[in-house]
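Everything below concerns the one structure shown next.
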Amino acid sequence: MKWLLDQKIERFKKALMKMGWFAEKMMIRVIESMENRQIALAKQIVEDDDMLDAMEVELREEATVLLGTYTPTGFNLRFIVSSLEVANILEKIGDKVRKVAQLLFSFYREQSTNIDPNIVRMAKNVAALLRETLGVVADMQSERAFEVCMKDEEIDELFEEMRSELTNLLKEKPEQTERILCLLEIAQELEEVADLCTNIVESVLYAVSGSNYKCFRDQMKLFKRGEGVLFDDSD
Numbered sequence: 002m003k004w005l006l007d008q009k010i011e012r013f014k015k016a017l018m019k020m021g022w023f024a025e026k027m028m029i030r031v032i033e034s035m036e037n038r039q040i041a042l043a044k045q046i047v048e049d050d051d052m053l054d055a056m057e058v059e060l061r062e063e064a065t066v067l068l069g070t071y072t073p074t075g076f077n078l079r080f081i082v083s084s085l086e087v088a089n090i091l092e093k094i095g096d097k098v099r100k101v102a103q104l105l106f107s108f109y110r111e112q113s114t115n116i117d118p119n120i121v122r123m124a125k126n127v128a129a130l131l132r133e134t135l136g137v138v139a140d141m142q143s144e145r146a147f148e149v150c151m152k153d154e155e156i157d158e159l160f161e162e163m164r165s166e167l168t169n170l171l172k173e174k175p176e177q178t179e180r181i182l183c184l185l186e187i188a189q190e191l192e193e194v195a196d197l198c199t200n201i202v203e204s205v206l207y208a209v210s211g212s213n214y215k216c217f218r219d220q221m222k223l224f225k226r227g228e229g230v231l232f233d234d235s236d
């Protein structure tokens with residue numbers, strides 16, 4: 002029975018990675034759309050998000066079968082539970098990327114200028130972080146999980162630079178308010194994708210070690226459980 006469960010777990014992992022790679026492809030299309038002002042790509046991303054949603058449902062259904070049929074324990078149990086969380090986070094990343102695509106579509110329709118190069122640079126950094134995050138999921142390596150948490154700081158700094166620059170521009174050029182606010186919202190969505198990457202590697206650390214970690218202020222820290230609240234028997 003164990004060998005059969007191991008086969009099922011490997012198949013499940015491949016499906017999870019397929020979902021991750023699909024999310025990465027959406028990010029790559031966003032960058033291509035930014036660089037080449039391609040409206041068709043922005044529209045495609047919106048359609049892609051529906052596929053990503055369907056993938057999450059399929060993974061959840063398969064996980065239910067695995068848990069109910071094979072009653073896994075130890076690492077296999079933690080891996081399935083963590084994978085469900087990862088799939089949910091990937092679905093949220095898809096939502097963020099779709100939102101960026103919708104903002105790009107609006108930007109192209111209303112503005113004659115191109116996307117700010119700093120926004121493109123930020124998007125490329127986020128895509129690179131997502132790729133590294135997927136590598137952590139594929140290899141189940143805790144060391145690389147810590148690196149993802151630290152690299153999130155670089156994207157946070159880029160976002161703060163963009164926010165400061167765009168906020169100042171609002172004061173200097175109020176006639177460009179619509180354009181500036183659109184760029185600011187795109188930057189915000191990208192920064193949140195990076196934050197979601199840190200959530201993914203937190204789940205990997207739980208699967209590998211059985212301990213709960215949180216990426217706090219760009220440092221991965223062990224979450225120390227207190228006395229508890231939810232399952233305290235006292236009134």
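Residue numbering for the sequence shown follows the numbering used here, beginning at 2 and increasing consecutively.
Positions of the beta carbon are idealized from the N, C-alpha and C atoms, including for glycine.
Query: Helix, strand or coil: which one does DSSP assign to Gln112?; Result: coil
Query: Check whether the segment 72 to 80 touches the segment 195 to 212, counting contact only when three or more Cβ pairs, one atom from each stretch, lie closer than 8 Å.; Result: yes
Query: Would Val87 and Ile201 qualify as a contact pair, given that the criterion is a beta-carbon distance under 7 Å?; Result: yes
Query: Give the straight-line distance between the Cα atoms of Ser83 and Asn115, rounded to the nearest whole angstrom.; Result: 40 Å
Query: Buried or exposed: where does Ala55 fall if 16 or more other Cβ atoms within 10 Å of its Cβ makes it buried?; Result: exposed
Query: Measure the CB-CB distance between Met27 and Asp49 and report whether it falls below 7 Å.; Result: yes
Query: Helix or strand or just coil, what does DSSP make of Lys222?; Result: strand
Query: Grab me the residues of Ile90's own chain with a C-beta within less than 8 Å of its C-beta, minus the 5 sequence neighbours each way, in chain order.; Result: Leu197, Asn200, Ile201 and Ser204
Query: Within the continuous beta strand (DSSP E) that includes Lys3, where are the two ends?; Result: Segment Lys3 to Asn37 is the alpha helix (DSSP H) holding Lys3; no beta strand (DSSP E) there.
Query: Mind checking which residues open and close the alpha helix (DSSP H) that includes Lys174?; Result: Note, Lys174: premise wrong, no alpha helix (DSSP H); not H, not E.
Query: If you follow the alpha helix (DSSP H) that Phe126 is part of, which residue opens it and which one closes it?; Result: Going by the sequence as given, residue 126 is Asn instead of Phe. Here the alpha helix (DSSP H) through Asn126 covers Pro118 to Asp140.
Query: Once you ignore the five residues that flank Lys222 on each side, which residues in its own chain have a CB closer than 7 Å to its CB?; Result: Tyr214 and Lys215
Query: Would you give the residue range spanned by the alpha helix (DSSP H) that Gly211 belongs to?; Result: Premise fails: Gly211 is in no alpha helix (DSSP H) and is neither H nor E.
Query: Hey, quick one: how far does the alpha helix (DSSP H) through Thr72 stretch, first residue to last?; Result: Here Thr72 belongs to no alpha helix (DSSP H), and DSSP marks it neither H nor E.
Query: Check the C-beta distance from Ala43 over to Ser34 and give it rounded, since I have them as a contact under 8 Å.; Result: 5 Å
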